[in-house]
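K.L.:
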Amino acid sequence: MINWANFISQCFNGLVLGALLALISSGLTIIYGTLGVLNLAHGAMFMLGGYAGWLAYTYTDSFLAAVVAGSLFVMIVGVVIERLIIRHFYARPQEDQLLVTFGLGIVFVETVRFFFGSLSRTVPPPASLVGITHLGFMVYPTYRLALLGIVAVALLLLYFVLYRTRIGMIVRAGIEDSAMVDSLGIDVYKIFMLVFGIGAMAAGFAGIVNAPVVSIAPDVGEAILVQTFVVVVIGGVGSFPGAIIGGLIAGEIISITSMFNPGYSYIMLFVAMTLVLVLRPHGLLGTAARE
Amino acid sequence: MPLDNQKHATISRRTLLHTGAGFLGSAVLPWFSLEASAADEKAAIGTWPAGSEGQTVYIGAAVPLTGAYAAQGADELKGWQLAVEHINNGHDLMKALAPKVDKGLLGKKVELLSADSAAKPNQGVELEQNFINQNKIILMTGSTSSAVAVALNKFAQREKILYVAGISGSNDTTGKDCVRYGFRQNFYGQTAANAIGPILVKTYGKGKKAAFMTPDYTYGHTVTKSVNDYLTSQGGWEMVTDQVSPLGTQDFSQYLTNIANSGAEFIVNVNWGRDAVLSIQQAKQFGLTPGMKMVVPYQIPFLAKEVGPELTAGVFAATDFWWTLQDKYPLAKQFVDAFQQKFGYRPEWGAENAYISFAHWARMVSTAGSFYPPDVIKQYEKGETIPSLVGDVHYRPEDHQCVRPVVLVQGKDPKDMKSDDDYWNVVEVVDGAPLMQKPDEFGCNLGSYT
């Protein structure tokens, strides 16, 4: 189906997918950039956001309540595990950090499976966003269109917090040099806890707003985690703008390649990542200082 | 005297003959009895005889409990659990299916071991290897992905341990990748295509345009080929696009956009498990259905429950079993009742396939009177007519495929549902034999017994 109508449609798909990937990746990259911890439980947190939101929805019938519950719950989970577990791994080798977050991810997934089983659960979008919208060149699910806006607002909010507030300034300083921030008398551990909470909340928020698109199941975070890592590598580890650029690039690569041959979508994504690693080892917007 | 002498001489001659025969006999008989004993004493093979020397024999199941097929894997695991329980307690249903089973198998208790394969072939093989090392399993099962079934087929042949497939829809499982040590009970791509094809052409007419959605592995490719072959040759349908996606795809927007621009009137959705759930839900989100008609040639357990009956209303699907068949088959009713009592819901076809494939294996072992794998295989290969939950069936000796009916169902409109799991209406139970390809058509070569 190689024609202009399909090309434009696929570009649009790429934009929506890319925006979602950007949102999830931003949480991952902020955590890594500040804490130096590669959080392999990030996909599980995405899943937890979906389930917490779904539970809230079943009791309230309110999508807004679901979004709030999904985001807050995962933020709390993030803060708690940072205080109880992650904190003890800051000074330990990265292999230990990978193992502990990988283990946490398994615990989250299997706990959810134990209580709710493996069947998919659906969170319907708000009534006003059900159905399709005619865009002239294509028809598109209304909720997916809205999702683009929702994610854009969330990313703007994150940008505002990171670049226009004092806390954000400290976080960014922490990304550059956490030892220096500590020596300036700022309690860097409080900042770490906050960053972990915000990063987790971004994943939880993405999990619940994505639930009406791909109904939730315990393994929903697994596939997205791999894509998220690719996005972070392409954009530059620790770079918030890099996560956004990387997300959009990844979304477009997956979508446009599928127009020619869907089977090569993910291969092309990894080819792109390899190219970036060869030509710019620190990612498009990453710097060596963040390593 | 001469008489006496003659008599004496006669006796002596007879005694001599007896004595001679005795000597000869004692000299020769040990040879004969040694030969006979050597023939009875079969060489060890696979885990035989070690695996069946204790009081318990073990079965290893590599079943997906995580990933895209997790829900279906959990269902079939329950089917195996129930079958093992029924073998061990001599349940009436098991006795009806395997009359010589008597509170165990050949005097042994049967125990099921299971672990998560995640629908990954290498993980499935690794699990079975562990079961062999630790428990000397005498039977392997599992799959819910034909990629796993094919891998376990080859592993079974190499290790000389029997394998009965769990859910596996690929033509290859008993086609080009068939093995002497592997057996499959359930329906598959070719029989699904030949069962559902006629009703599609009859209901919707000839010369239609269809978009296929195909998962990128052996199951997807063979089912798509079989269905497309039927529809093009018998109905003059045209495949306008084939959207191949990797197993575990979450976002089908790219594929659905291609379909939206393809001019298709039908979506033949070969995706399975969670992939099918998501692709059907998203096809609705993109406004493709109900304008385009959805067809599911290889039905997925829990599909209607997960996507909701609104999306499966009117959808034709081929399947192995649906619980309302209990109205037609008494054994099916016994099974549905026993399953529901134990697990609290009505079984889907994965559980049915699991249960009946174990029952058939138990029947073969108990009839052969031996756990020796070649004896059990030869029992299967007799091709005797045996009962199942959907009438009499038999296994083809040439490819080890069970010749069984295919059940055609159509999704019910929510307002026609009589209970909360009354999702499908059984349209027809199609006789299996005419649906099957010739045994050698897909290149089956079973390999050796030893």
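Sequences listed follow chains A and B, in order. Numbering follows numbering that gives the first Met the number 0, in which position 36 of the first sequence is assigned residue number 35; successive positions increment by one, without gaps. Numbering follows numbering that gives the first Met the number 0, in which position 31 of the second sequence is assigned residue number 30; successive positions increment by one, without gaps. Idealized CB from N, CA, C, for every residue including glycine. Because the structure is a prediction, the values reported are computed rather than measured.
When you compare only the Cα positions, how much space is there between residue 199 (chain A) and residue 112 (chain B)?
P.N.:
38 Å
K.L.:
Got a sec: which bits of the region 99-120 of chain A sit with their beta carbon under 9 Å from any beta carbon on chain B, in order along the chain?
P.N.:
108, 109, 112, 116, 117, 118, 119, 120
K.L.:
For the region 173-237 of chain A, which segments carrying the alpha helix (DSSP H) assignment without a break, of at least 4 residues, lie completely within its bounds, in sequence order?
P.N.:
187-209, 219-234
K.L.:
Given that a residue counts as buried once 16 or more other Cβ atoms are within 10 Å of its Cβ, and exposed if not, what is residue 80 (chain B)?
P.N.:
Buried, by the Cβ-count rule.
K.L.:
Quick check: what's the CA-CA separation for residue 88 (chain B) versus residue 131 (chain B)?
P.N.:
Near 25 Å, if we compare the C-alpha coordinates of residue 131 (chain B) and residue 88 (chain B).
K.L.:
What ranges does the beta strand (DSSP E) occupy inside the region 152-219 of chain B, keeping only unbroken runs of at least 3 residues that lie completely in it?
P.N.:
161-164, 208-214
K.L.:
At which residue ranges does the region 114-144 of chain B contain complete beta strand (DSSP E) runs of 3 or more residues, listed in the order of the chain?
P.N.:
138-141
K.L.:
Quick check on residue 35 (chain B): does DSSP put it in helix, strand or coil?
P.N.:
Residue confidence is low: residue 35 (chain B) scores 39 on pLDDT, short of 50, so the model does not pin down where it sits. Its coordinate-derived value is still stated next. DSSP places residue 35 (chain B) in the helix class (H, G or I) of the three-state scheme.
K.L.:
Run through DSSP, which three-state label would residue 307 (chain B) get?
P.N.:
coil
K.L.:
Should residue 358 (chain B) be labelled buried (16 or more other beta-carbon atoms within 10 Å of its own) or exposed?
P.N.:
buried
K.L.:
Use the C-beta contact count for residue 288 (chain B): other C-beta atoms within 10 angstroms, 16 or more gives buried, fewer gives exposed.
P.N.:
buried
K.L.:
Quick one, are the C-beta atoms of residue 183 (chain A) and residue 18 (chain A) less than 9 Å apart?
P.N.:
no
K.L.:
Closest by CA to residue 294 (chain B), which one among B:202, B:176, B:175?
P.N.:
B:202
K.L.:
For the region 265-289 of chain A, enumerate the residues whose C-beta is nearer than 7 Å to any C-beta of chain B, in chain order.
P.N.:
265
K.L.:
Since residue 354 (chain B) is in the alpha helix (DSSP H), which residue starts that stretch and which ends it?
P.N.:
348-367
K.L.:
Which runs of the beta strand (DSSP E), 3 residues or longer, sit entirely within the region 263-299 of chain B?
P.N.:
Taken in chain order, the complete beta strand (DSSP E) segments of 3 or more residues contained in the region 263-299 of chain B are 265-268, 292-295.
K.L.:
Could you tell me whether the region 408-420 of chain B touches the region 303-323 of chain B, using the rule of 3 or more Cβ pairs below 8 Å?
P.N.:
Output reads yes: the region 303-323 of chain B touches the region 408-420 of chain B.
K.L.:
Go through its chain and collect everything with a Cβ distance to residue 328 (chain B)'s Cβ below 8 Å, but skip five positions before and after it.
P.N.:
Same-chain partners within the cutoff: 388, 389, 390.
K.L.:
Would you mind telling me which residues of chain A sit closer than 9 Å to residue 338 (chain B), beta carbon to beta carbon, in chain order?
P.N.:
Under the 9 Å cutoff, chain A gives no residues; its nearest Cβ is about 17 Å from residue 338 (chain B).
K.L.:
Answer yes or no: do residue 198 (chain B) and residue 370 (chain B) have a C-beta to C-beta separation smaller than 9 Å?
P.N.:
no
K.L.:
Along the chain, which unbroken stretches of the alpha helix (DSSP H) at least 4 residues long are found entirely within the region 16-62 of chain A?
P.N.:
Those alpha helix (DSSP H) runs which fall completely within the region 16-62 of chain A and span 4+ residues are 41-59.
K.L.:
Indicate the three-state DSSP secondary structure (helix, strand or coil) for residue 109 (chain A) in the structure shown.
P.N.:
helix
K.L.:
So, residue 96 (chain A) versus residue 170 (chain A), is the Cβ gap smaller than 9 Å?
P.N.:
Cβ distance not < 9 Å, so residue 96 (chain A) and residue 170 (chain A) don't count as in contact.
K.L.:
Interface residues of chain B around residue 49 (chain A) at Cβ under 7 Å?
P.N.:
Per Cβ cutoff of 7 Å: no residues; residue 49 (chain A) is ~12 Å from chain B at best.
K.L.:
If you draw a straight line from the alpha carbon of residue 364 (chain B) to that of residue 373 (chain B), how long is it in whole angstroms?
P.N.:
11 Å
K.L.:
Would you say residue 130 (chain A) reaches chain B, if we count a Cβ-Cβ gap shorter than 9 Å as a contact?
P.N.:
yes
K.L.:
In terms of alpha-carbon separation, which member of B:237, B:401, B:120 lies closest to residue 380 (chain B)?
P.N.:
B:401
K.L.:
Going by DSSP, what residues sit across from residue 61 (chain B) in a beta bridge?
P.N.:
According to DSSP, residue 61 (chain B) bridges with B:114, B:141.
K.L.:
Could you check how far apart the C-beta atoms of residue 216 (chain A) and residue 107 (chain A) are, in whole angstroms? I think they sit under 8 Å.
P.N.:
Going by Cβ atoms, the distance from residue 216 (chain A) to residue 107 (chain A) rounds to 13 Å, so no, they are not a contact pair.
K.L.:
Please list, in chain order, all residues of the same chain as residue 233 (chain A) whose beta carbon is under 7 Å from its beta carbon, the five residues on each side excluded.
P.N.:
245, 248, 249, 271, 272, 275, 282, 283
K.L.:
Just grab the DSSP bridge partners of residue 104 (chain B) for me.
P.N.:
B:107
K.L.:
Quick one: grab the DSSP three-state call for residue 401 (chain B).
P.N.:
strand
K.L.:
Quick check on the burial criterion: 16 or more other C-beta atoms within 10 angstroms. Buried or exposed for residue 435 (chain B)?
P.N.:
buried
K.L.:
Can you say whether residue 294 (chain A) is buried or exposed, counting buried as having 16 or more other CB atoms within 10 angstroms of its CB?
P.N.:
Only positions 0 to 290 of chain A appear in the structure, and residue 294 (chain A) is not among them; the question remains open.
K.L.:
To the nearest angstrom, how far is the alpha carbon of residue 148 (chain A) from that of residue 128 (chain A)?
P.N.:
12 Å
K.L.:
Can you give me the C-alpha to C-alpha distance between residue 126 (chain A) and residue 159 (chain A), rounded to a whole angstrom?
P.N.:
30 Å
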